[in-house]
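Chain order of the listed sequences is Z and E. Every position in the first sequence, counted from 1, becomes a number in our numbering once 349 is added. Every position in the second sequence, counted from 1, becomes a number in our numbering once 349 is added. Just so it is clear, CB atoms sit at the ideal spot from N, CA and C, and this is done for glycine as well.
Protein chains: 2
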Amino acid sequence: MLDPVSRVRRFNRAVTSAVGALDNSFLGRSRPLGAARVLNAIGHGRSDVAEIRDYLGLDSGLMSRLLRSLEDEGLIETTAREDDARRRMAKLTRAGRREFAAYEALSNAQAEGFLAQHSQREALLAAMDLIASALTRERVTLDEIDPRCEEARYCLGEYYAELGRRFSQGFDVSLSRDPDAKDMRRPRGTFIVAMSDRLPIGCVGLKGSDHGYAEIKRLWVAPAARGLRLGRRLMHAAESAARELGITLLRLDTNSALPEAGQLYRSTGWREIPRFNDDPYPDLFFEKRL
Amino acid sequence: MLDPVSRVRRFNRAVTSAVGALDNSFLGRSRPLGAARVLNAIGHGRSDVAEIRDYLGLDSGLMSRLLRSLEDEGLIETTAREDDARRRMAKLTRAGRREFAAYEALSNAQAEGFLAQHSQREALLAAMDLIASALTRERVTLDEIDPRCEEARYCLGEYYAELGRRFSQGFDVSLSRDPDAKDMRRPRGTFIVAMSDRLPIGCVGLKGSDHGYAEIKRLWVAPAARGLRLGRRLMHAAESAARELGITLLRLDTNSALPEAGQLYRSTGWREIPRFNDDPYPDLFFEKRL
DNA sequence: CATGATATCTGACTTTAGTCAGATATCCGG
DNA sequence: CCGGATATCTGACTAAAGTCAGATATCATG
């Protein structure tokens with residue numbers, strides 16, 4: 350009665366019968382689901398018609414008709430793309446923005462209503478994060494971003510907080526060598542964030558230097574996204590970027606209180622080397638020649 | 350970017366777009382979704398037509414047509430109910446059972462495939478249990494069952510395992526006063542299990558005795574179902590059953606290593622009394638007059 | 001047994017989603 | 001500028017789901 354398969358199936362049943370209740374914001378504004386989905390995709394910043402069609406899995410004929418019906422309602426405008434007049438871009442009109450906001454408000458209200466009904470908020474949210482990450486694993490994208498932007502700062506904040514929990518002596522970022530943002534931007538280095546459906550769930554920094562090697566810094570994976578081999582993917586992306594930038598030697602430091610990190614490095618061609626800096630936190634040092 | 354509402358909405362998006370992938374067993378046998386859902390409802394033991402219609406939320410006309418199409422395929426038979434010939438009962442034919450088994454096999458295979466893709470199996474399953482319990486909270490039923498049946502034995506096994514984890518000295522059921530099964534069956538007592546979509550998620554025993562009081566025993570709530578006030582509901586049901594049985598005084602013992610239990614008792618009209626037995630595990634004793 | 005309520009069934013209808021074969025306009029490489 | 005490729009649009013179609021008003025049979029009750 351309690352084998353894993355039954356548990357997965359019970360979850361499926363619960364979710365399929367509740368998902369309508371969880372979010373039926375697509376209904377409730379007397380517009381067919383298809384049109385509502387397209388309107389929401391546009392509202393969420395997708396404008397390329399082919400991309401929306403692909404994202405929603407629609408036939409081109411159907412997509413065309415849905416766009417037309419939204420246009421007839423006065424909610425969107427479509428224009429040919431400047432660089433390729435075969436392709437079309439869609440954007441919301443003022444009325445469309447109002448309508449989109451109404452959908453968003455409905456959806457938010459339903460999510461709030463759901464949360465308000467349940468007492469174990471944090472446990473529930475953590476479980477939801479874990480499942481959402483597992484389900485969207487295939488769709489995790491690795492994006493190079495500026496280390497000072499919101500997503501990067503969020504990741505770094507979580508990373509520092511986790512070090513604080515895991516190091517017995519805590520962690521004070523001001524005592525560590527805080528890398529200069531420009532060392533983690535091209536052409537000296539880069540900063541890569543893993544995004545799952547607009548939520549940052551991991552990051553890694555490649556920090557250029559003038560010492561004949563670059564460093565891997567700030568490798569972090571959100572607790573809800575562990576077990577998806579995301580650390581490996583991030584490291585792989587960072588090493589590829591390093592190769593592109595003509596870097597031939599990589600180093601990193603880590604701490605034995607983070608055993609999963611050490612294991613990852615060892616299993617991906619890094620070899621342990623003696624201490625190469627005077628940062629107070631790390632006690633393990635690695636190097637990899639590209 | 351990470352407020353609770355966004356997290357709930359991300360989960361919704363992930364689940365709605367993945368639920369097809371999680372279980373599309375309803376497709377894949379060239380039968381419309383509606384008919385497949387009815388067939389599966391019947392296969393899962395629902396036979397009353399009105400009940401199925403209510404469960405699946407179908408219009409009576411539509412339901413009638415779906416039944417007819419399944420009958421035409423030779424998968425079900427319907428008969429008038431003996432006690433009320435207006436109502437109809439549906440049951441699977443031999444061919445229907447084969448077809449249902451094929452759906453079950455598909456669904457199991459998909460659940461297995463899903464599990465095989467993911468490395469953090471236990472964490473994922475625990476998260477799924479938690480969410481399924483939260484979503485189906487409204488539909489938890491409290492059933493009186495025999496304490497020796499499978500569901501009861503499962504609950505007791507989990508209960509003992511949890512005591513073993515939480516008591517610093519471990520827990521050996523043979524050292525504790527194991528109540529006689531017949532003391533937890535009517536008319537001396539009862540055993541109540543909380544079922545969520547066919548999964549037992551909590552239990553409580555009411556044990557009759559000849560000492561002028563009855564005892565509450567084995568109050569347990571599955572970790573995935575905590576925070577839903579299920580303990581309270583179980584206790585309430587046990588007390589109601591005790592009143593029905595003419596019991597006027599209830600006692601129970603517990604351990605200070607289970608603080609949430611003590612808190613529950615105190616907040617529901619129980620008062621602490623001196624030790625009333627020589628069981629080695631409990632160190633807290635309560636009484637309630639009905 | 002007459003009467004109103006109830007459960008199911010039937011026929012006629014609408015809406016939505018989806019499919020597919022072309023039509024049209026534009027792009028790109030030679 | 002030509003010819004094949006590409007993006008979108010249009011028309012004609014189907015399948016599925018759902019709605020609604022009655023028809024029919026049965027039940028409960030006085």
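When secondary structure is reduced to three states using DSSP, Z/A543 falls in the strand class.
DSSP places Z/C552 inside the beta strand (DSSP E), whose first and last residues are 548–556. Any Cβ of chain E closer than 8 Å to the Cβ of Z/L382 would place that residue at the interface, and such an atom is absent.
Contact annotation: the region 608–628 of chain Z does not touch the region 422–429 of chain Z, with fewer than three C-beta pairs closer than 8 Å. Close partners of E/V357 in chain Z (Cβ separation under 7 Å): A460, F463, L464, M477. Fully enclosed beta strand (DSSP E) runs of no fewer than 3 residues occupy 425–429, 437–441 of the region 411–462 of chain E, in order along the chain. Per DSSP, the beta bridge partners of Z/K566 are Z/G554. Against chain E, the beta carbon of Z/V354 has neighbours under 8 Å at N457, A460, E461, L464, listed in chain order. Contact annotation: Z/L473 and E/L479 have beta-carbon atoms nearer than 8 Å. DSSP places Z/D478 inside the alpha helix (DSSP H), whose first and last residues are 470–484. In the structure shown, E/T365 falls within a helical segment according to DSSP collapsed to helix, strand and coil. The C-beta distance from Z/P572 to Z/D602 rounds to 22 Å, too long to fall under 8 Å, and the pair is not in contact. With distances taken between CA atoms, Z/L415 lies nearest to Z/R380 out of Z/H393, Z/R380, Z/R497. Closest by C-alpha distance to E/R362, out of Z/D433, Z/R443, Z/R488, Z/L579, is Z/R488. In the DSSP assignment, Z/E593 falls outside any beta strand (DSSP E) and lies within the alpha helix (DSSP H) extending over 579–593. A distance below 8 Å between beta-carbons, with the five flanking residues on each side excluded, links E/N389 to the following residues of its chain, in chain order: F375, F449, Y452. Here E/R620 carries a strand assignment [DSSP, helix/strand/coil]. Remark: three or more beta-carbon pairs, one from each stretch, lie closer than 8 Å, so the region 535–555 of chain Z and the region 488–497 of chain Z are flagged as touching.
Within the DSSP secondary-structure output, Z/D602 pairs in a beta bridge with Z/F634.
Between the alpha carbons of E/L598 and E/G618 lies a distance of about 12 Å.
Look at E/D397 here: in three-state DSSP terms it is strand.
When secondary structure is reduced to three states using DSSP, Z/L512 falls in the helix class. Listed along chain Z are F360, A363, V364, L473, A476, M477, I480, each with a C-beta nearer than 8 Å to that of E/I480. In the structure shown, the three-state DSSP call for E/L388 is helix. Taking each of Z/L555, Z/L419, Z/A460 in turn and checking the Cα distance to Z/S589, the smallest one comes out for Z/L555. The three-state reading of DSSP puts Z/L524 in helix, counting H, G and I together. Here E/M477 is not near Z/R435, since their CB atoms are 8 Å or more apart.
Apart from sequence neighbours up to five positions away, the residues of its chain that approach Z/L382 with a beta-carbon distance below 6 Å are F375, ordered along the chain.
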